[in-house]
Structures are given as C-alpha cells and as structure tokens.
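Asks: Counting in this note's numbering, the final residue of the sequence shown is number 486, and the numbers go up one at a time with none missing.
Beta carbons are placed, not taken as given, at the ideal position from N, Cα and C, and that holds for glycine.
Bear in mind the structure is a predicted one, so any value in this text is a computation, not a measurement.
Before I ask anything, here is the structure I am working with.
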Amino acid sequence: MTNLLTELPYFPKISPITVTQFDINELFRDGIPTSKIASDGILAFHSVTFATSNAKEMARYLESVMGFREIAFRSLESDSPLVGAHVVQNGNVTFVIVNNLEIPDGERCNVDIHQKLALAFGKSPNGVEDACLAGQFASVREKFSRIDRLDALTSVQNTQLCQLATDAINAWKIHRFVNRHGMGVSNISFEVDDVDETFQKSVSNGATSLQLPAIHRDEFGSVKMALVSSPNHDCTYTLIQNLDYSGAYLPHFKASLSKFDNNVVMFHEIDHCVQNFSWNEMLPNASFYAAAFGLHKFWSVDDNDVSTGNTALRSMVMANSNGKVRIPINEPVKSKFRGQIEEFHDYCGGPGVQHVALSTRDILHSVASLQTRGLKFNRISEEYYVNLKERLDRDQIDLYEDFERIRELQILVDFDPATKYLTPCGKYRCHYLLQIFSEPFHDRPTFFIEIIQRHHHNGFGKGTFKGLFESIELQQRKRGTLVPIE
C-alpha cells in the first residue's frame, strides 16, 4: 500500500549535508558577491502565502486596490472541503491567500477511524499525533468511516485520501496560525534547483521537516515539493522544483478567470521579505538561514545607523547566491521608547514577517495609482525633503524622477554619491533607490507592504531609515503604543 502521507521529524538515512561553523562564518564575511548561478540551489521567491480568516475578501482587496489578478483557487466548488485558497498575481509577484473551511471541533474519533488515520500517515514518528489532529475534522471522520480497508483502494481513491489527509493538517495549521497571530505570512515558497538536495541540507542543519519531498501532478504536469520550518517561529518554507508543470499555479488548484482585468498597477517581482524577531534573536536566526539554506550576509546596519533618538533597531539582510532571495532580519535595541519591532511582536504574538517589498519599474505611476485606489501610505515630514534636496544639490545629483512629484507622493530616496557619474547630457547621476511603505493592512499594526524601485542600488534604505522611523513613530503615537521603556 502506498502511504497516504509521511510526516516527520525526518531522520536522514544517508550522507547528511552538515554545514560546519567554518562554513557559516564564511557566509557572514563582508563583500560576498552575487552570481548569476544559484550555487546554493535556491533560485528565487516562488510565492508568499497569507493565512487569514477570509481569503476571498483579502484576494478581492488585492485585486481591486493593488492590481493583482486571480489565477487559481481551491474551494468547496473545486472539491476542497477543508482549505480555501486564492492565488493572485501581478507581474512575477504571486500571493496565495488561504483560510480553513472547516473548524476543528476537538472531538476524538473512535478507535477504528483513528487506526485508519494512523495507517494513512504511514511510518512517521508523528503518525499518531497527526491522526489525532486530522480526526478533529468532521469531514475527515466521515470519509474514513466509510472505508473498510485502505489497501483495497484504487489509485484515484488513494490520491484523494492523500490530499484530504494533507489538507486536514494544513487546515489545522492555518486555524492555529490565525488564532495565534491574526492575518499574516504563514509560508514563504522558494523555487529550487533540486528539492531533494535542498531539503536534505536544510533538515541536516536545523530545519524541522514537515513534509518529505514528493511529486505532485495533474493534467498539466508535475512538480516536486517539500515543506520545512524554522524552530524559532511559525512561518514555514516550501521548496518547489518545477519538473514539467505548465498549469496556472500548482497541482490541485483550479485555474480561474479574474473579473478584474487591469494593469494600472504593475509590479515586477518580490524584492525582499522582512522578518521581525525579539531581543538578541537576529544573529541566531541569520545563522539558521546560513546553515539551513546557504544564505549569506548581504547587508547590515546597527543602532548607530538606524535610530531617531527615540527608537532603534539592528538589521541583517541574508541573501541567496544570485541575489534573488533577500530576507532582512530585524531585532530591537535598547532605546527610550518601545519601537516598531516591539510593537509588532506584541500584536503578532511573536516573531514573523513584518512586510513584503514589491519592486516596480515606475514607482511614481504605481504609487499614484495605489493612492487613487485607496491604499494609505506613511506620511513623511517636510523637513526630510528639505534635507534631501540640500544633499542632492550639494552632491550635484540629478534624479530621473521629478523631485516635486517625489515629495508630493511622499516617497523616500536613498542615494550613493560615491557612484556619481557624468552623463552625455551633462547631468550627474548616481545609484539610488526609491521606496515607500504602506500603513498596516489591518487594525493590528503588523503586516504592511513596501513599494521599491532600484536604480542600480542594492541597499535597503540606510539613508531613509530616520525619515521612515519618524513616520512610523507618528503612527505609533496615534495608536498610543509609543511608550517609554521602564
């Protein structure tokens, strides 16, 4: 009989790929260059998944306000009794919004059903525990109560029960995540070159295995996927290797035709995903990314660089070898007031993804369109733009974008005068970036979106942190959360 689902902890049987402390130290050296070749096996962000209590509503918001288009879904109408999902896309940015369709009722299934569920989870050390969790869903109990013998199932029936068992665990995790954290990023998916190798390396170096590498297929082809997690927070990581898949998203999803057909807001790709942790947790979590996934230190700042005098933080950006995956890791530092990192931790109920940055090739047009559609952004002080203009004039830097339009839209600018060069038209240019941050998506001051455009500038706004922090502190004052530290 083919096991319906295999859960871990996973104990490698052959050649664990162990990363030494020397290897980790090497990944923390300054000046490691990016390469076109993904030597660490991670190619790019594949998608970001949000757990929420109303996936359809959030998907429609992303469509109507941010210009996304729904490309695939799972629901009761597509024979998915436990998990609802809406996949929306804008450019190369893919978000998956999920919610559970059935609430676990906490009931214990009878011995017969429990034994069948335990068999369905195979030889996994977690089989008994997972059977208990899956048995808390009435539809699972009803389905398994009608099965006499698991080994007498057809391949189609076996596949259906496999998906039901997987969905039961996923639904339970969605339910737990939303209860703990509210709406938030519950999963980051990486496109990888070799799932088996990346999975083996990650679980041999600190990651917890949740699903073994397995091939998933439908009429559009097949992909190979595995699921791991960090021991330090509730966000999981899906490793995806596209074998020959040409469908809208992934197997088990139905293609959908969005009613929203607009390209007013155009994004290019996910630039980075920022995670917030608590005190003294930046380096341990950066080390996890280095050991488990081979990410290296790309950029870092401390409280000497990122401080307003009232609040401050430390940040380290971990990146894969080709620079397509960048994950800044923030932690608070001692300051006069409780800052944005502590506030996030309080309202999120622990560490998590604070924001996702979306790159665009025309930030003026994108931000203007988003504002027209109702997305609210943080307001920046007039003093910031006075100082910015003085610095640009002093260094004789001319931006491609109109400065007054930048000021009007409240966009932040960080530039590197050391890269200044003279153009044929007689103007001085340099490498710079433009960025803007939305207000939190919900009443909880947790998740928000960043819009960013880079002109050959690979930093993360070191020169804009003070202006950004002051705008966030203004929001904290309104919320009553900018309080002195005792």
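Quick test of the definition: if touching needs 3 or more C-beta pairs under 8 Å, does the segment 85 to 97 touch the segment 244 to 253?
Replies: Judged by Cβ distances under 8 Å, the segment 85 to 97 makes contact with the segment 244 to 253, as three or more pairs qualify.
Asks: Quick one: what's got a C-beta closer than 6 Å to residue 241's C-beta in the same chain, skipping five residues either side?
Replies: Hits under 6 Å: 192, 195 and 224.
Asks: Give the list of continuous beta strand (DSSP E) stretches no shorter than 3 residues that lie fully inside the segment 322 to 368.
Replies: Complete beta strand (DSSP E) runs here, min 3: 326 to 332 and 352 to 359.
Asks: Are the Cβ atoms of residue 234 and residue 186 separated by less than 9 Å?
Replies: Closer than 9 Å, so yes.
Asks: Does DSSP put residue 58 in a helix, in a strand, or in coil?
Replies: Residue state, collapsed to three classes: helix.
Asks: Where does the unbroken beta strand (DSSP E) through residue 272 begin, and where does it stop?
Replies: 269 to 276 is the span of the beta strand (DSSP E), which, as asked, contains residue 272.
Asks: Can you list, in chain order, the residues of its chain with a C-beta nearer than 8 Å to that of residue 361? Leave out the 5 residues immediately preceding and following it.
Replies: Here the set comprises 266, 268 and 453.
Asks: Give, in chain order, every unbroken run of the alpha helix (DSSP H) that is at least 4 residues long and sits entirely within the segment 93 to 132.
Replies: For the segment 93 to 132, whole alpha helix (DSSP H) runs of length 4 or above, ordered along the chain, are 111 to 120.
Asks: What runs of the beta strand (DSSP E), each 3 residues or longer, lie entirely inside the segment 205 to 239?
Replies: As far as the segment 205 to 239 is concerned, its whole beta strand (DSSP E) runs of at least 3 residues are 208 to 218 and 221 to 229.
Asks: In whole angstroms, what is the alpha-carbon distance linking residue 59 and residue 357?
Replies: Roughly 18 Å separates the two Cα atoms.
Asks: Rounded to whole angstroms, what is the Cα-Cα separation between residue 55 and residue 254?
Replies: Rounded to the nearest angstrom, the two C-alpha atoms are 16 Å apart.
Asks: For residue 35, does the count of other Cβ atoms within 10 angstroms reach 16, so buried, or fall short, so exposed?
Replies: Looking at its Cβ environment, which holds fewer than 16 other Cβ atoms inside 10 Å, residue 35 is exposed.
Asks: Nearest to residue 446 by alpha carbon, out of 296, 425, 426 and 472?
Replies: It is 472.
Asks: Rounded to a whole number of angstroms, what is the C-alpha to C-alpha distance between residue 23 and residue 30?
Replies: Residue 23 and residue 30: Cα-Cα distance of roughly 14 Å.
Asks: Mind checking whether residue 98 and residue 170 have CB atoms under 9 Å apart?
Replies: In this structure, residue 170 lies closer than 9 Å to residue 98 by Cβ.
Asks: Would the beta-carbon of residue 307 fall within 9 Å of that of residue 137?
Replies: For residue 307 and residue 137, no; Cβs fall outside 9 Å.
Asks: Between the Cα of residue 167 and those of 272, 41 and 85, spot the shortest distance and give me the residue it belongs to.
Replies: It is 85.
Asks: Answer with buried or exposed for residue 25, where buried requires no fewer than 16 other C-beta atoms within 10 angstroms of its C-beta.
Replies: Exposed, because fewer than 16 other Cβ atoms sit within 10 Å of the Cβ of residue 25.
Asks: Can you check whether the CB of residue 43 is closer than 9 Å to the CB of residue 387?
Replies: No; because the gap between Cβ atoms is not below 9 Å, this pair is not in contact.
Asks: Could you tell me the alpha carbon to alpha carbon distance between residue 320 and residue 458, rounded to whole angstroms?
Replies: Roughly 14 Å separates the two Cα atoms.
Asks: Based on Cα-Cα distance, which residue from 337, 206, 104 and 314 lies nearest to residue 287?
Replies: Taking only the C-alpha atoms, the option nearest residue 287 is 206.
Asks: Given residue 113, which residues of its chain have a CB within under 6 Å of its CB, disregarding the five upstream and five downstream residues?
Replies: Once the five neighbours on either side are set aside, the close Cβ partners of residue 113 are 141, 144 and 145.
Asks: The alpha helix (DSSP H) spanning residue 472 covers which residue range?
Replies: 465 to 479 is the extent of the alpha helix (DSSP H) around residue 472.
Asks: What is the DSSP secondary structure of residue 513, counted as helix, strand or coil?
Replies: A question about residue 513 goes unanswered here, because the residues of the chain that appear run from 1 up to 486.
Asks: Residue 389 lies in the beta strand (DSSP E); which residues open and close that run?
Replies: Residue 389 -> not in any beta strand (DSSP E); alpha helix (DSSP H) instead, spanning 382 to 394.
Asks: If distances are taken between C-alpha atoms only, which option among 377, 378, 373 and 328 comes closest to residue 354?
Replies: Nearest of 377, 378, 373 and 328 to residue 354, Cα basis: 328.
Asks: How about residue 450 and residue 437: are their beta carbons less than 9 Å apart?
Replies: A contact, by the Cβ cut-off of 9 Å.
Asks: Going along the chain, which residues of its own chain have a beta-carbon closer than 7 Å to the beta-carbon of residue 484, five neighbours each way excluded?
Replies: The residues are 336 and 337.
Asks: Taking the beta carbon of residue 425 as the centre, do at least 16 other beta carbons fall within 10 Å, making it buried, or is it exposed?
Replies: Exposed, because fewer than 16 other Cβ atoms sit within 10 Å of the Cβ of residue 425.
Asks: Could you check the C-alpha separation between residue 270 and residue 393 for me, to the nearest Å?
Replies: Rounded to whole angstroms, residue 270 to residue 393 spans 32 Å at the Cα level.
Asks: Considering Cα atoms alone, identify which of 215, 434, 372 and 294 is closest to residue 32.
Replies: Among 215, 434, 372 and 294, the Cα nearest to that of residue 32 belongs to 294.
Asks: Can you tell me where the alpha helix (DSSP H) with residue 417 in it begins and where it stops?
Replies: Run containing residue 417: none in the alpha helix (DSSP H); it sits in the beta strand (DSSP E), 412 to 422.
Asks: I need the straight-line Cα distance from residue 39 to residue 460, nearest angstrom please.
Replies: The alpha-carbon atoms of residue 39 and residue 460 are separated by roughly 24 Å.
Asks: Taking DSSP as the reference, what is the three-state secondary structure of residue 289?
Replies: Residue 289: helix per DSSP, three-state reduction.
Asks: I'd like the list of long-range same chain contacts for residue 256, defined as Cβ closer than 7 Å, with 5 residues on each side in sequence excluded.
Replies: Excluding residues within five positions, the ones whose Cβ falls inside 7 Å are 70, 71, 72 and 73.
Asks: So what does DSSP say about residue 279, is it helix, strand or coil?
Replies: The answer is coil: DSSP assigns residue 279 none of H, G, I, E or B.
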